[in-house]
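Participant:
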Amino acid sequence: MSLYWIDREGVRLGIMPRPRGHDWLSDDLRMRRRAGVDVIVSALTALEPEELGLAEEAQECAQNGLLFISFPIVDRSVPTSHVDFGALVNQLLEYSRKGKAIAVHCRAGIGRSSMIAACVLIRNSLSVESAFQAIEESRGCPVPDTPEQRRWVERFSVSTERRMQ
Numbered sequence: 008m009s010l011y012w013i014d015r016e017g018v019r020l021g022i023m024p025r026p027r028g029h030d031w032l033s034d035d036l037r038m039r040r041r042a043g044v045d046v047i048v049s050a051l052t053a054l055e056p057e058e059l060g061l062a063e064e065a066q067e068c069a070q071n072g073l074l075f076i077s078f079p080i081v082d083r084s085v086p087t088s089h090v091d092f093g094a095l096v097n098q099l100l101e102y103s104r105k106g107k108a109i110a111v112h113c114r115a116g117i118g119r120s121s122m123i124a125a126c127v128l129i130r131n132s133l134s135v136e137s138a139f140q141a142i143e144e145s146r147g148c149p150v151p152d153t154p155e156q157r158r159w160v161e162r163f164s165v166s167t168e169r170r171m172q
């Protein structure tokens, strides 16, 4: 079970590859709960859970005391709606401020999940560079997957700065 924690400015955020699926799903989610996770965010698209044995992830999360949030983003791509994504980030930041530990996953825990995590950190006052550096230090590899994903996060940061002025 790989779970890479990022603790910055009062935010407890984890990035992880997708949980093991099929017969291992319940055990894997139980271990995440024991590791302190309260909220699981999945960036998998509609077809990926079936393919990866995660079709029951929402139900298994509920049975293991985890809140499950699905926010699909196409692999190696970016969110389709700035408004919906901003609402997700605000929701995650609110959970964090209430002391909830959040774990975000996509398929490998590098591209889509790092975009979500970076934007939560940015909305909580980190710069783009500081957010990605914190994730890379924790994750142990460069993030995100594509230059397009990095540009998208940079644009999100600019819109966040404007909103705070």
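Going letter by letter, the sequence shown gives residues 8 to 172 in the numbering used here.
Note that beta-carbon positions come from the ideal geometry of N, C-alpha and C, so glycine has one too.
Computed from a predicted model, the values in this text were never measured in an experiment.
Compare the beta carbon distance of L54 and G28 with 7 Å and say whether it is the shorter of the two.
Facilitator: Not a contact, by the Cβ cut-off of 7 Å.
Participant: In terms of residue numbering, what span does the beta strand (DSSP E) encompassing I47 cover?
Facilitator: 46–49 is the extent of the beta strand (DSSP E) around I47.
Participant: From H89, A65, E57, P151, pick the residue whose C-alpha is nearest to that of R37; which is it?
Facilitator: Cα-wise, what sits closest to R37 is A65.
Participant: Could you please give me the residues that DSSP links to D14 through a beta bridge?
Facilitator: Per DSSP, R19.
Participant: Buried or exposed for V48, please, with buried defined as at least 16 other CB atoms from any protein chain shown within 10 angstroms of its CB.
Facilitator: With 16 or more other Cβ atoms within 10 Å, it is buried.
Participant: By the three-class DSSP mapping on this structure, what secondary structure does F75 have?
Facilitator: It is a strand residue.
Participant: Taking C-beta to C-beta, are A115 and L128 nearer than 7 Å?
Facilitator: The answer is no: Cβ separation not under 7 Å.
Participant: Which of helix, strand or coil does DSSP assign to A110?
Facilitator: Of the three classes helix, strand and coil, the one that applies to A110 here is strand, per DSSP.
Participant: Run through DSSP, which three-state label would C148 get?
Facilitator: Looking at C148 - three-state DSSP - the assignment turns out to be coil, as it is neither helix nor strand.
Participant: Give a single yes or no on whether G106 has its beta carbon closer than 6 Å to a heavy atom of the ligand PLP.
Facilitator: What this structure holds is no ligand at all, so the ligand PLP is not there to describe.
Participant: Grab me the residues of P155's own chain with a C-beta within less than 7 Å of its C-beta, minus the 5 sequence neighbours each way, in chain order.
Facilitator: Reading off the sequence shown, one finds Glu at residue 155, where the question assumed Pro. Once the five neighbours on either side are set aside, the close Cβ partners of E155 are V85.
Participant: Determine the direct distance from the alpha carbon of R158 to that of E168, and round the result to whole angstroms.
Facilitator: Those two C-alpha atoms are separated by around 15 Å.
Participant: Taking DSSP as the reference, what is the three-state secondary structure of V160?
Facilitator: Here V160 sits in helix by DSSP.
Participant: Taking C-beta to C-beta, are I1 and A50 nearer than 7 Å?
Facilitator: No answer is possible for residue 1: the residues shown for the chain start at 8 and end at 172.
Participant: Taking the alpha carbon of K105 as the point to measure from, which residue in E58, I76, V18 has its own alpha carbon closest?
Facilitator: The shortest C-alpha separation from K105 is found at V18.
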